[in-house]
Structure formats: structure tokens, C-alpha cells
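What follows is a short report on a single structure.
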Amino acid sequence: RGMTSSALNKLDLEQEEGVRDFLVDLLLSSAECQKALTLIAHLCSSKIGRVFAMARQNIWILLTMQNPKREGGSLLHVACREGSLPLLRTALCIMQDCYRQRFWGH
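In terms of this note's numbering, the sequence shown opens at residue 178 and continues consecutively.
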């Protein structure tokens, strides 16, 4: 029931620039939110179904899509610019562990 009611399953983050910006701020300021995102990404990468596919897509968008309010940078760019090594590690670990095919091309 948790994932079916999750905002990661209901919103299309590609269209929700303000929500992406809010989530970037939240992840920059909270190690607990970084841990939660990692847990959700790993859960969704191991499950099949529309609910998990939408959440996976939204997490990928959050990690990689440009954010106009952040000088066009993705979460990776923002983490680098802000000097947030923990957030950069979190994002890269999620990408490597959960999106290996998309990230590395195999």
C-alpha cells in the first residue's frame, strides 16, 4: 500500500519543476532523506509493476534532469556546486546500483 500512495508514483517530476527543486533542497539538507531515497530506489529497482516503474522513472528524473532554478544543473551538478559529497555519493550509488543499464549502457 505504501508505494501506491507515494508521491513518487503519483507525480510526473519531469513536469513538476518546483517539486524537483524542493526535493533537491531537502536532499541537500538531510542525511535521513538521502538514506530514504536510497532505500526507495533499491526497493523499486527490485520490484516489477507500474507503481515501481513510475517511482524508478521519477527518481532517475530527480537525479539527472536539469533544474532551471539551479542554473540548469541536475542534482549531481548541484551537489558538486554545494560541496555536498554525501549527496553526490548517494546519487552516484543509486545510479550505479539501481540504474546500471541506463547509467553505464549495459
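By construction, the Cβ of each residue, glycine as well, lies at the ideal position given by its N, Cα and C atoms.
C-beta contact flag for residue i and residue j at 8 Å
i    : j    : result
L264 : L204 : yes
E191 : I236 : no
Rounded C-alpha distance that separates residue i from residue j
i    : j    : result
V255 : K224 : 29 Å
D198 : S251 : 10 Å
R247 : D274 : 26 Å
Neighbour-count burial assignment, residue i, 16 or more Cβ in a 10 Å radius
i    : result
A218 : buried
K213 : Checking the displayed sequence, the identity of residue 213 turns out to be Ala instead of Lys. Exposed, since its Cβ has fewer than 16 Cβ neighbours within 10 Å.
L216 : exposed
L200 : buried
Q243 : exposed
Three-state class that DSSP yields for residue i in the structure shown
i    : result
G260 : coil
G250 : strand
CB-CB length for residue i against residue j, believed under 8 Å
i    : j    : result
L253 : A268 : 6 Å
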